[in-house]
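Each residue of the sequence shown is one higher than the last, beginning at 1 in the numbering used here.
Taking it in order: structure first as structure tokens, then the write-up.
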Amino acid sequence: KDLLFLCEIKKGKENKAIIASNIMYVVGQFPRFLRSHWKFLKAVIFKLFEFMHESYPGVKDMACDTFLKIGLNCAQSIIEIQENEPFSLLEQILTSLKEITQFLEFRQIKEFYKTLGIIIDKVKNDQ
1 KDLLFLCEIK KGKENKAIIA SNIMYVVGQF PRFLRSHWKF LKAVIFKLFE
51 FMHESYPGVK DMACDTFLKI GLNCAQSIIE IQENEPFSLL EQILTSLKEI
101 TQFLEFRQIK EFYKTLGIII DKVKNDQ
């Protein structure tokens, strides 16, 4: 959480990019923690979507790569409706596709949709 806050208050594109890459590296290493802490997982995913709008070189790629790691390891949490939430995180993502992907290059969009495909593949018929 402190890194997320630091990213908000730090000035300068390069400093923010360094903090962003550290955040993405750390969260990509601990999927079990993310699965156990729903609100943090949701905050991280929305922060990744913000990073997908960054113009600093490499940040968008790393955000897409980290989203893929999270999608592979936390799909069930993303597709289930969580307590006090009207919709699943997947549904929230699907209603915001244009906004999320509008600044991505084709290869990044391809990876983003690959991740969504992995997540959607985990949906059972009764969900």
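Heads up, the beta-carbon is just placed ideally off N, CA and C, and yes, glycines get one too.
Burial check for Phe30: the Cβ neighbour count within 10 Å stays below 16, so the residue is exposed. By the neighbour-count criterion, in which a residue is buried when 16 or more other Cβ atoms sit within 10 angstroms of its Cβ, Ile9 is exposed.
Here the alpha carbons of Ile23 and Lys47 stand approximately 10 angstroms from one another.
According to the DSSP assignment, Gly117 belongs to the alpha helix (DSSP H) that extends over 106–121. Taking a C-beta distance under 7 angstroms as the contact criterion, Val123 and Ile79 qualify as a contact pair. The shortest C-alpha to C-alpha distance from Phe103 to any of Val26, Lys60, Thr95 is the one to Lys60. Contact annotation: Lys98 and Tyr56 have beta-carbon atoms that are not nearer than 7 angstroms.
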